[in-house]
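Just so we're aligned: 804 in my numbering is position 429 of the sequence shown, and the numbers increase by one with no gaps anywhere. Shown next, in structure tokens, is the structure this report addresses.
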Amino acid sequence: MAPAVVAPTATPAPFHPDRVRVLKPGSPSPSGPVVYWMFRDQRATDNWALIHAAALAARSDAPLAVAFCLSHRFLGAHARQLGFMLRGLRHLRGRLAALGLPFFLLRGDAPDALPGFLSRLGASALVADFSPLRPVRAWKDALCERLPAAVAVHEVDAHNVVPVWVASDKLEYGAKTIRPKIHRLLTEYLVEFPQLPPPAVPWTGEAPPEIDWDELIDEALREAGEVPEIGWCEPGEEAAMEALMGRKDGFLTKRLKHYDSDRNDPVKSRALSGLSPYLHFGQISAQRCALEAWKFRKSYRQSVDAFLEELIVRRELADNFCYYQPHYDSLQGAWEWARKTLMDHAADKREHIYTKEQLEKAETADPLWNASQLEMVYHGKMHGFMRMYWAKKILEWTNGPEEALSIAIYLNDKYELDGRDPSGYVGCMWSICGLHDQGWKERPVFGKIRYMNYAGCKRKFNVDGYIAYVKKLVGETKKRKSDDHSSPAVKHSKT
Ligand SMILES: Cc1cc2nc3c(=O)[nH]c(=O)nc-3n(C[C@H](O)[C@H](O)[C@H](O)COP(=O)(O)OP(=O)(O)OC[C@H]3O[C@@H](n4cnc5c(N)ncnc54)[C@H](O)[C@@H]3O)c2cc1C
376 MAPAVVAPTA TPAPFHPDRV RVLKPGSPSP SGPVVYWMFR DQRATDNWAL
426 IHAAALAARS DAPLAVAFCL SHRFLGAHAR QLGFMLRGLR HLRGRLAALG
476 LPFFLLRGDA PDALPGFLSR LGASALVADF SPLRPVRAWK DALCERLPAA
526 VAVHEVDAHN VVPVWVASDK LEYGAKTIRP KIHRLLTEYL VEFPQLPPPA
576 VPWTGEAPPE IDWDELIDEA LREAGEVPEI GWCEPGEEAA MEALMGRKDG
626 FLTKRLKHYD SDRNDPVKSR ALSGLSPYLH FGQISAQRCA LEAWKFRKSY
676 RQSVDAFLEE LIVRRELADN FCYYQPHYDS LQGAWEWARK TLMDHAADKR
726 EHIYTKEQLE KAETADPLWN ASQLEMVYHG KMHGFMRMYW AKKILEWTNG
776 PEEALSIAIY LNDKYELDGR DPSGYVGCMW SICGLHDQGW KERPVFGKIR
826 YMNYAGCKRK FNVDGYIAYV KKLVGETKKR KSDDHSSPAV KHSKT
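Set out below in structure tokens:
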């Protein structure tokens, strides 16, 4: 069982200065609006980056605006991910407007879109979300070079409970090494959010252009429609809070009890929180999830502790890896022992070899694996336990660890609604390259990497029940799709 975390502080705490890093100092006497470039934390509530940007604006008696740069299919996003994100942003715009904050949707990558925009506004500072992923870090480097000296650039870790650079200053070996560091810091960081104050200076600058959301979403769906949207997960901050706390089917309010006992049973997928899409797009704050979960600890201690272990320790360990290991998505990023054992066994004879296309179409001889692949393709979220089995089998059935890793990441990022995320890269690295794991008994193909097989799954859960569950899911999705002539796969009632 995961060790318990310390009780969070219930009274609102001020912004912790270590949550921000000054990437570029800017003018000592700033004047002009502050712009919050929102990227990874797409929410108006419980957002430390927005709170910091508002404080910065208040300090220099300046107005505040929020900007989002819509890149062209960032990390290969498909309609599934783009639709979810854009519908969430449409909600967000309304929420920001209610707070008196204008929302600008810019087209293009941040280093191309932001400098001209900031110059037009006469902005004095840019506040950015933190992401450990390479392209986002490269954008920030480029922005620091391209923006005039007078414009400050601040980066805020609004995604992690403990900012990644505070939790650890190095690449951690595993959960065992980062856990005590994070737990020690929770009294300081797992605190209630302060209220976002009304803007110190109202926005009187250029009005954000009207956005034809329907057209924008249609365009994204047309261009990237190969992987259609899913209909079971309503996007947006309100829906995210409903998923966490809703009276009807909220995870904490209705389902938490079974998390400890059932979370590794793919037949009982409702035991999981289902929060990963919201967390990935930042439509909910992990800190909010943790604060609310804590309130249920008296009744469901083991479930809450297990949930906080996944939500905080495992998730933030993934950010630690991607932040301190630039090769987070290749064999090069694995530990030396794992690389060696994998290469020692790279040429071992495999019982089956499948191509990427065969795997993508779920055309293997293993009905359990095929079901997991179909769950991902049709439902957009594979059960967490099956993700491990799924990725490990790709290692077993391809021409070596490099190919296996690249196929796993390709499929994960293409079909998972929560894909293109540090937890995805780390999940694939864990399964295929033994990351954050230990060496196990040596065997063909896997070497010392932990092995999983069909018989083991059969002992653990009702394999046939899972296959039948996915079959039903696929049937329902196909039926919905054929009933729906107007859009690729889905109707979002509230968007
Ligand atoms: C091969 C593989 C690929 C994965 N790909 C992704 C991915 O693309 N995106 C993604 O968010 N997660 C990924 N994971 C991690 C994990 O499987 C998912 O986060 C989880 O299944 C999401 O469902 P949930 O929110 O219902 O989980 P819950 O069990 O309810 O967990 C709550 C939250 O804790 C975090 N969490 C849970 N398990 C892990 C974990 N093992 N590592 C890091 N954080 C975790 C997630 O943020 C999750 O939303 C992957 C794991 C593997 C083995």
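We treat Cβ as the ideally placed atom computed from N, Cα and C, and that holds for glycine. Source: prediction; values computed, not measured.
Rounded to a whole number of angstroms, what is the C-alpha to C-alpha distance between residue i and residue j?
i      : j      : result
GLN748 : PRO403 : 55 Å
VAL865 : ASP436 : At VAL865 the pLDDT is 45, less than 50, meaning the model places this residue with poor confidence; the figure from the coordinates comes in the next sentence. Rounded to the nearest angstrom, the two C-alpha atoms are 45 Å apart.
PRO438 : ALA428 : 10 Å
SER868 : GLY606 : Because the pLDDT of SER868 is 41, which lies under 50, any placement of that residue in the model is unreliable, and the number read from its coordinates should be weighed accordingly. About 9 Å.
SER678 : ARG689 : 15 Å
LEU631 : LYS670 : 12 Å
TYR753 : ASP858 : 16 Å
ASP788 : LEU518 : 27 Å
ARG465 : GLU612 : 11 Å
ARG509 : ASP704 : 10 Å
PHE492 : ILE659 : 28 Å
GLU617 : LEU467 : 16 Å
VAL395 : LEU792 : 29 Å
ASP637 : HIS758 : 12 Å
THR739 : ASN745 : 6 Å
GLY621 : PRO610 : 14 Å
LYS853 : LEU489 : 41 Å
GLY600 : PRO819 : 40 Å
ARG448 : SER674 : 44 Å
LEU571 : ILE426 : 6 Å
GLU735 : VAL602 : 12 Å
GLY463 : THR384 : 30 Å
GLY850 : GLN456 : 22 Å
ARG663 : ARG470 : 18 Å
TYR729 : GLU585 : 49 Å
Which residue wins for smallest C-alpha separation from residue i, given the options the options?
i      : options                           : result
ARG871 : GLU732, GLU851, PRO523 and PHE836 : A question about residue 871 goes unanswered here, because the residues of the chain that appear run from 376 up to 870.
ALA542 : GLU530, ARG559, HIS529 and ALA527 : ARG559
TYR548 : PRO641, PRO652, VAL576 and GLU691 : GLU691
THR386 : ALA452, TYR564 and ALA550         : TYR564
ARG795 : GLN813, GLY755, ASN828 and ALA779 : GLY755
PHE626 : ASP544, LEU457 and ALA665         : ALA665
TRP805 : ALA722, ARG645, LEU425 and TYR826 : TYR826
LEU686 : ARG482, TYR634 and GLY407         : TYR634
ALA595 : GLY458, ILE784, GLN707 and ASN535 : GLY458
TRP588 : ALA388, GLU777, ALA737 and LEU461 : LEU461
ASP624 : PRO641, ASP640, PRO610 and ALA646 : ALA646
ALA388 : LEU398, ASP421 and GLY649         : ASP421
GLY580 : GLN662, VAL526 and GLY497         : GLY497
GLU684 : TRP765, THR562 and ILE557         : ILE557
ALA779 : ALA843, ILE807 and PRO486         : ILE807
VAL528 : PHE760, GLN700, PRO408 and MET761 : PRO408
ALA442 : ALA433, ALA472 and VAL849         : ALA472
ASP723 : GLU771, TYR764 and ALA382         : GLU771
GLY775 : ILE553, GLN733, GLY822 and TYR764 : GLY822
ARG512 : PRO583, LEU546 and PRO701         : PRO701
VAL531 : ALA614, LEU398, ASP680 and ALA843 : LEU398
Could you spell out where the alpha helix (DSSP H) holding residue i opens and where it closes?
i      : result
VAL531 : Taken as a continuous stretch (DSSP letters only), VAL531 belongs to no alpha helix (DSSP H), being part of the beta strand (DSSP E) at 527-531.
PRO387 : From DSSP, PRO387 is part of no alpha helix (DSSP H) but of the beta strand (DSSP E) over 384-387.
CYS803 : 797-808
CYS697 : 690-699
TYR844 : 838-858
ALA524 : Counting along the chain, ALA524 falls outside any alpha helix (DSSP H), and DSSP gives it neither H nor E.
PHE492 : 485-496
For the beta strand (DSSP E) containing residue i, list its first residue and its last residue.
i      : result
ASP587 : Run containing ASP587: none; DSSP gives neither H nor E here.
LYS399 : 395-399
TRP710 : Element bounds for TRP710: n/a, residue is neither H nor E.
ARG482 : 478-482
ALA614 : Segment 612-620 is the alpha helix (DSSP H) holding ALA614; no beta strand (DSSP E) there.
TYR411 : 409-413
ALA440 : 439-445
Going by beta-carbon coordinates alone, are residue i and residue j separated by less than 8 Å?
i      : j      : result
ASP416 : CYS444 : no
VAL410 : ALA440 : yes
THR716 : ILE824 : yes
PHE682 : ALA668 : yes
PHE568 : SER506 : no
CYS697 : PRO797 : yes
PRO405 : LEU476 : no
ALA503 : VAL526 : no
ASN837 : VAL536 : no
TYR829 : LEU706 : no
LEU650 : LEU619 : yes
LYS768 : ASP812 : no
Could you check whether the Cβ of residue i sits closer than 7 Å to any heavy atom belonging to ligand 2?
i      : result
GLY625 : This structure simply doesn't include ligand 2; it includes ligand 1 instead.
Closer than 8 Å, CB to CB, is residue i near chain C or not?
i      : result
ALA766 : The displayed structure is made up of one protein chain only, and chain C is not part of it.
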